[in-house]
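S.K.: Every position in the sequence shown, counted from 1, becomes a number in our numbering once 237 is added. Ideal Cβ positions, reconstructed from N, Cα and C, are used throughout, including at glycine. Once you've had a glance at the structure underneath, I'll fire off some questions.
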Amino acid sequence: MSEQSRRPRRPAKPYRRPQKDPVRILAFEALRAVDERDAYANLVLPPLLRKAREKGDFDGRDAALATELVYGTLRRQGTYDAIIAECVDRPLREVDPPVLDVLSLGAHQLLGTRIPSHAAVSASVELARVVLGDGRAKFVNAVLRKIAQDDLDGWIAKVAPPYEEDPEDHLAVVHSHPRWVVSALWDSLGGGRAGIEELLAADNERPEVTLVARPGRATTEELLREEAAVPGRWSPYAVRLAEGGEPGAITAVQEGRAGVQDEGSQLVALAFAGVPVEGPDEKWLDGCAGPGGKAALLAALAAERGAVLLASEKQPHRAGLVAKALHGNPGPYQVIAADGTRPPWRAGSFDRVLMDVPCTGLGALRRRPEARWRRRPEDLDNFGPLQRALLRTAIDSVRVGGVVGYVTCSPHLAETRAVVQDVLKQRPETELVDARPLLPGMPELGEGPDVQLWPHLHGTDAMYLALIRRTG
238 MSEQSRRPRR
248 PAKPYRRPQK
258 DPVRILAFEA
268 LRAVDERDAY
278 ANLVLPPLLR
288 KAREKGDFDG
298 RDAALATELV
308 YGTLRRQGTY
318 DAIIAECVDR
328 PLREVDPPVL
338 DVLSLGAHQL
348 LGTRIPSHAA
358 VSASVELARV
368 VLGDGRAKFV
378 NAVLRKIAQD
388 DLDGWIAKVA
398 PPYEEDPEDH
408 LAVVHSHPRW
418 VVSALWDSLG
428 GGRAGIEELL
438 AADNERPEVT
448 LVARPGRATT
458 EELLREEAAV
468 PGRWSPYAVR
478 LAEGGEPGAI
488 TAVQEGRAGV
498 QDEGSQLVAL
508 AFAGVPVEGP
518 DEKWLDGCAG
528 PGGKAALLAA
538 LAAERGAVLL
548 ASEKQPHRAG
558 LVAKALHGNP
568 GPYQVIAADG
578 TRPPWRAGSF
588 DRVLMDVPCT
598 GLGALRRRPE
608 ARWRRRPEDL
618 DNFGPLQRAL
628 LRTAIDSVRV
638 GGVVGYVTCS
648 PHLAETRAVV
658 QDVLKQRPET
668 ELVDARPLLP
678 GMPELGEGPD
688 VQLWPHLHGT
698 DAMYLALIRR
708 TG
């Protein structure tokens with residue numbers, strides 16, 4: 238008998254069932270929905286959290302951690318991809334997407350939270366065992382142990398090119414934005430390193446939840462009686478909820494008398510409603526009304542003045558959301574499903590026309606961080622003709638002496654000033670109105686006459702507004 242055959246065998250390790258962690262499983266499910274179905278986290282996460290609470294799996298702290306894991310991972314995805322790429326032996330495109338999601342979740346826990354390194358690695362490996370299997374869990378373990386060897390600043394120093402050699406790529410890696418988005422935002426700001434760094438950093442901060450008290454239906458005083466509520470910065474109808482505030486639990490929100498609406502969205506609607514018109518002020522149009530936030534505010538303001546709002550939305554299901562938002566408005570209104578480029582109303586029918594046009598959404602990256610990875614430069618080619626057509630319709634729809642508001646939730650020059658300049662060049666019967674005096678007390682509104690709001694300067698989404706009067 239050989240020496241090897243006489244050696245006693247080591248007992249096999251007993252199989253250990255992987256430990257299911259409801260918080261990290263839910264975060265993984267949300268990331269998979271974002272990746273596989275092009276879903277948005279702000280739409281996917283709330284029902285997942287609600288279901289977990291109903292099952293008794295979650296308390297408030299669990300929900301807060303799951304939310305941080307999902308949004309933090311999505312916001313820093315570009316940075317984490319660059320770091321993970323340094324720690325694997327193949328191009329990232331060859332790593333299975335579910336594996337990459339687990340690695341990204343682990344990287345965020347290691348580099349973007351206060352979770353201890355050993356806990357972040359072990360929890361991620363357990364998650365991998367549950368959702369991927371033991372074989373790929375070993376790969377996850379090996380990669381995360383490499384990532385754990387340094388902190389975020391150390392990794393960025395390794396994977397980001399020096400600013401002096403490639404400033405746009407440096408900022409793209411450091412602040413987790415696609416390079417083309419960095420370039421576009423920089424152009425919109427007008428240059429300078431400090432401003433672009435502040436903007437990109439603001440895009441990665443968790444935005445506050447802001448409520449609007451719809452005039453004639455709710456008051457800010459009522460909303461301020463809620464726990465964790467503080468006044469808005471700029472809008473007289475705005476109330477901010479401190480971290481942990483739950484808008485769905487507020488009675489006025491449940492009843493539709495108040496709603497969730499970014500302060501920037503409120504401000505452009507208020508400026509549009511505040512600009513003087515020559516002659517009657519009785520018929521208002523919101524030509525791209527879905528999902529209804531601005532329409533609800535405008536309808537309430539119109540009711541206070543004895544005016545009527547027509548809210549038009551091309552997509553029937555979004556028109557349904559508008560109708561829901563306007564239900565209970567104190568004055569008359571109408572909601573229709575119609576294509577704003579082929580309007581059913583007669584030309585010159587309205588005293589005020591708002592067109593909040595479809596766009597890339599680059600102004601709301603705080604709220605929809607995944608949008609930065611979905612959008613492509615060629616999307617601008619698709620939106621541009623539609624934006625110009627809708628602005629032309631708006632000018633046709635307003636009477637002489639009336640006012641058009643062109644609004645977009647994007648600071649990209651191709652979606653803002655370029656559109657307005659191109660259309661107005663062909664419409665000599667129009668003139669731009671200075672929008673800045675209609676946003677009193679707000680700093681750094683630029684040279685006008687249009688207005689660009691910014692997350693880092695105003696604490697709002699990057700909303701753009703141009704006001705246009707029809708003179709002939």
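Please tell me whether Ala672 and Asp659 are closer than 8 Å, where the distance is taken between their beta carbons.
M.R.: No. Outside cutoff.
S.K.: For the alpha helix (DSSP H) that contains Val358, what are its first and last residues?
M.R.: Element bounds for Val358: 354-368.
S.K.: Taking only three categories from DSSP, how would you classify Glu240?
M.R.: Bear in mind that the predicted position of Glu240 carries a pLDDT of just 44, short of 50, making it unreliable; the figure below should be weighed with that in mind. Residue state, collapsed to three classes: helix.
S.K.: Determine, using beta carbons only, whether Ala385 and Leu347 come nearer to each other than 8 Å.
M.R.: For Ala385 and Leu347, yes; Cβs fall inside 8 Å.
S.K.: Distance, Cα to Cα, Ser634 vs Arg451?
M.R.: If you take the alpha carbons of Ser634 and Arg451, they lie about 26 Å apart.
S.K.: Could you pull the DSSP bridge partners for Glu684 from this structure?
M.R.: Its beta-bridge partners do not exist; DSSP assigns none.
S.K.: Could you give the distance in angstroms between the alpha-carbon of Lys395 and the alpha-carbon of His345?
M.R.: Straight-line Cα distance between these residues: approximately 17 Å.
S.K.: Under the rule that 16 or more other beta-carbon atoms within 10 Å means buried, what is Ala584, buried or exposed?
M.R.: That one is exposed.
S.K.: Are the region 639-658 and the region 465-481 touching, with three or more C-beta to C-beta distances below 8 Å?
M.R.: With a cut-off of 8 Å, the region 465-481 and the region 639-658 do not count as touching, because too few Cβ pairs lie within range.
S.K.: Give the C-beta separation of Asp440 and Leu669 to the nearest angstrom, bearing in mind that I take them to be a contact with Cβ-Cβ under 8 Å.
M.R.: With 8 Å as the limit, Asp440 and Leu669 do not qualify as a contact, their Cβ atoms being about 29 Å apart.
S.K.: Find out if the Cβ-Cβ distance for the pair Thr447, Arg477 is shorter than 8 Å.
M.R.: In contact: Thr447 and Arg477 (Cβ atoms closer than 8 Å).
S.K.: Here's the rule I'm using: 16 or more other beta-carbon atoms within 10 Å means buried, otherwise exposed. How should Leu280 be labelled?
M.R.: When all chains shown are included, Leu280 counts as exposed.
S.K.: Could you tell me the alpha carbon to alpha carbon distance between Glu684 and Ala455, rounded to whole angstroms?
M.R.: Using only the alpha carbons, I get a separation of about 35 Å.
S.K.: By the DSSP assignment, the beta strand (DSSP E) with Ser549 in it spans what residues?
M.R.: Note, Ser549: beta strand (DSSP E), 545-550.
S.K.: Is Ala264 near the ligand GDP, judged by its Cβ being under 7 Å from some heavy atom?
M.R.: Judged by which ligands are present, the structure shown has none, so any question about the ligand GDP falls away.
S.K.: Which of helix, strand or coil does DSSP assign to Arg579?
M.R.: Three-state result, Arg579: coil.
S.K.: Buried or exposed for Glu291, going by 16 or more other Cβ atoms inside 10 Å?
M.R.: Burial call: exposed.
S.K.: Can you name the start and end residues of the beta strand (DSSP E) that Phe587 belongs to?
M.R.: Unbroken beta strand (DSSP E) run through Phe587: 587-593.
S.K.: Is it buried or exposed for Leu329, if we count other Cβ within 10 angstroms and need 16 for buried?
M.R.: Exposed: under 16 other Cβ atoms inside 10 Å.
S.K.: Does the count of Cβ pairs from the region 604-614 and the region 296-315 closer than 8 Å reach three?
M.R.: Output reads yes: the region 296-315 touches the region 604-614.
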